[in-house]
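Okay, structure first, notes after.
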Amino acid sequence: MVKNSLKSSFGEDSKQASGKKTKKTISKECKISNVIKSLSEQIVKRSADLSHGRWVDLDAKRPSPRAHSTLTLIEEGLCVMFGGEFFDGSNVILYNDTFLYNLSTNKWKVLDTPAVPLPRCSHQATFYKNRIYIFGGEFNTLDEFHHFNDIHYLCLSTLRWTKLDVTGQIPSSRSGHRMVLWKNYWVLFGGFHDNGNESTYYNDLYYFDLENNCWHQVNQHLFTSSLPEPRAGCVLLALNDGKHLMMHGGFSKKDSSNDVVGSSYKDSWLIDMNLLLSNSGNVLVWSKVKGCEPEFSTGLSFATSSEYAVLFGGVNDEYKGLHVKSTFSNKCFKLNLNQRKYNPTEIGFERENKDDNLGISKLSLSKSFPTPRMNSNAVIYNDTLYIFGGIVEVKDMEITESDCWALDLKTNEWKCIDEGFEKQGLYNNQIESDESDDEFDEDSGDETEEMYESDEGDYDEETEEEL
1 MVKNSLKSSF
11 GEDSKQASGK
21 KTKKTISKEC
31 KISNVIKSLS
41 EQIVKRSADL
51 SHGRWVDLDA
61 KRPSPRAHST
71 LTLIEEGLCV
81 MFGGEFFDGS
91 NVILYNDTFL
101 YNLSTNKWKV
111 LDTPAVPLPR
121 CSHQATFYKN
131 RIYIFGGEFN
141 TLDEFHHFND
151 IHYLCLSTLR
161 WTKLDVTGQI
171 PSSRSGHRMV
181 LWKNYWVLFG
191 GFHDNGNEST
201 YYNDLYYFDL
211 ENNCWHQVNQ
221 HLFTSSLPEP
231 RAGCVLLALN
241 DGKHLMMHGG
251 FSKKDSSNDV
261 VGSSYKDSWL
271 IDMNLLLSNS
281 GNVLVWSKVK
291 GCEPEFSTGL
301 SFATSSEYAV
311 LFGGVNDEYK
321 GLHVKSTFSN
331 KCFKLNLNQR
341 KYNPTEIGFE
351 RENKDDNLGI
361 SKLSLSKSFP
371 TPRMNSNAVI
381 YNDTLYIFGG
391 IVEVKDMEIT
401 ESDCWALDLK
411 TNEWKCIDEG
421 FEKQGLYNNQ
431 IESDESDDEF
441 DEDSGDETEE
451 MYESDEGDYD
461 EETEEEL
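Residue numbering for the sequence shown follows UniProt numbering, beginning at 1 and increasing consecutively.
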């Protein structure tokens with residue numbers, strides 16, 4: 001994805017949530033650390049207001065388009081969305097707004113609250129004892145990344161976000177990691193960190209004790225040759241035997257002066273939770289398991305019920321020098337959580353995009369099934385899989401879907417719940433440019449001003465440069 005400028009949003013009211021925003025420029029000399037500092041100061045100032053938050057009916061039919069957000073099921077038919085990013089071909093918007101979605105009525109509410117985390121995407125979230133927790137993620141500009149390793153929680157009684165004070169062996173800052181709840185432990189694997197010069201991928205393993213707010217790193221230094229390869233974007237699930245987690249797939253890449261070497265993984269592994277919690281350092285908690293190696297194992301969306309997980313979409317990247325050929329999927333699979341192997345069964349309709357010259361007209365809504373995509377939000381409720389949004393690429397341009405689909409897991413039939421935003425209005429200018437230019441001009445972004453936005457009034461460029 002090519003990011004030519006940046007904006008961030010403190011969207012709290014309905015108008016902001018529906019995407020009606022004002023751009024505010026930042027000089028290109030402004031470092032991301034100064035941007036983070038300025039935004040943090042605004043958050044601290046607003047957090048002095050100790051009033052409770054409230055859910056407000058959303059004027060728009062849905063939140064503004066976004067990817068790499070989290071969607072967390074909290075109770076019967078209700079789920080909470082937080083954060084994410086949107087790229088329109090020229091600008092990147094980062095979000096820290098929070099939404100409540102009613103799966104039964106297809107109605108959205110937006111959270112009006114004085115206390116919020118910094119904008120971010122590619123974080124992880126979980127629900128535990130009336131709180132939604134988020135960890136990590138990233139805030140990025142044209143040429144810089146800021147990764148997080150903080151934990152925030154939303155109390156569903158007060159509707160306020162709070163940064164959690166934690167102890168223990170805190171993981172390094174990262175995004176693209178995966179986390180899963182097992183009893184009162186929130187287990188973390190992998191992810192990556194980009195320092196602007198290179199990307200580092202991880203295969204480390206941590207768990208966070210939600211009762212004691214303490215991090216623990218799992219010592220596997222004696223077994224480096226027997227561990228999964230470092231990666232991001234994998235699948236991480238808890239099995240029903242009460243003893244194991246399963247990890248599958250993911251990707252990593254290495255940048256060099258002449259080439260980009262990418263790796264997509266199709267392997268599957270088990271994590272023994274009893275051995276993990278012993279954390280003795282002299283026992284291997286990982287074991288590789290046999291199973292199928294599906295074509296799509298990167299960018300999968302997944303959700304779990306009591307007996308099974310459902311996996312949807314994904315992408316298969318073929319690296320050829322500096323060029324990447326991406327094939328997206330809308331295949332859907334069911335995985336039995338009572339088995340200790342990755343052997344999913346295909347369900348629903350198989351529709352795969354193999355058109356290398358895909359245009360925006362071919363991304364129009366299908367009447368019977370969702371278009372191919374990766375990294376959708378997914379939840380399962382009442383024997384139905386709900387899919388929100390996702391990403392597909394048209395030539396060198398990233399398209400963020402904003403539709404909602406439901407797959408009846410009893411009949412294997414798809415139904416469109418919400419058609420989403422009309423794409424021509426979101427991407428028209430950039431799409432015309434893409435269609436006229438076969439190759440992306442890497443220098444074309446040099447003259448683009450970086451941007452961000454806030455609800456705290458106009459940004460003072462001179463003040464920022466002095467920070």
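Note that beta-carbon positions come from the ideal geometry of N, C-alpha and C, so glycine has one too. Remember, it's a predicted structure, so these values are computed and weren't measured experimentally.
When only Cα atoms are considered, S175 and Y95 end up about 15 Å apart. The three-state reading of DSSP puts K37 in helix, counting H, G and I together.
Contact between the segment 52 to 59 and the segment 153 to 171 is established, with three or more Cβ pairs separated by less than 8 Å. The beta carbons of V289 and D272 sit no closer together than 9 Å.
Beyond the five residues adjoining it in sequence on each side, K341 comes within less than 8 Å, by CB distance, of S268, V289, K290 and G291 in the same chain, given in chain order. Boundaries of the beta strand (DSSP E) harbouring L71: T70 to E75, taken from the DSSP string. The three-state reading of DSSP puts I170 in coil, since its state is none of H, G, I, E or B.
Closest by C-alpha distance to F148, out of N197, K415 and G136, is G136. Residues of the same chain with a CB within less than 7 Å of the CB of W182, apart from the 5 flanking positions on each side, are A238, L245 and M273 in chain order.
Shortest Cα-Cα distance from A115 to any of Y207, T98 and T200 involves T98. For S51, there is no enclosing alpha helix (DSSP H), as DSSP marks it with neither H nor E.
Here V80 is buried: its Cβ has 16 or more other Cβ atoms, across all protein chains shown, within 10 Å. For Q217, the three-state secondary structure derived from DSSP is strand. A direct Cα-to-Cα measurement between D88 and I391 gives close to 12 Å.
In the DSSP assignment, S278 falls within the unbroken alpha helix (DSSP H) covering M273 to S278.
Judged by DSSP in its simplified three-state form, Q124 adopts strand. When C-beta atoms of the segment 302 to 313 are compared with those of the segment 187 to 206, fewer than three pairs fall below 8 Å, so the two segments do not count as touching. In its chain, beyond the 5 residues on either side, K325 have a beta carbon closer than 6 Å to the beta carbon of E318. Closest in alpha carbon position to R120, among G233, H68 and P228, is H68. A distance below 9 Å separates the beta carbons of L337 and Y308. For the pair R231 and S263, the CB atoms are nearer than the 9 Å cut-off. Under the three-state reduction of DSSP output, T224 falls in the helix class.
Distances from the alpha-carbon of F328 to those of V218, L227 and E295 put E295 closest. Here A115 is not bridged, per DSSP, to any residue. The Cβ-Cβ distance between E144 and N184 does not fall below 9 Å.
Residue environment for G190: buried (at least 16 other C-beta atoms within 10 angstroms of its C-beta). Annotation for G84: R66, A67, H68, S69, Y95 and C121 place their beta carbon closer than 7 Å to its own, counting only its chain and skipping 5 residues before and after.
Counting the other Cβ atoms within 10 Å of the Cβ of Q169 gives fewer than 16, which makes it exposed. V235 carries a strand assignment under DSSP once its states are collapsed to helix, strand and coil.
Y153 is a Cβ neighbour of I132, given a cutoff of 9 Å. Spanning the alpha carbons of E419 and S368 requires a straight line of approximately 12 Å.
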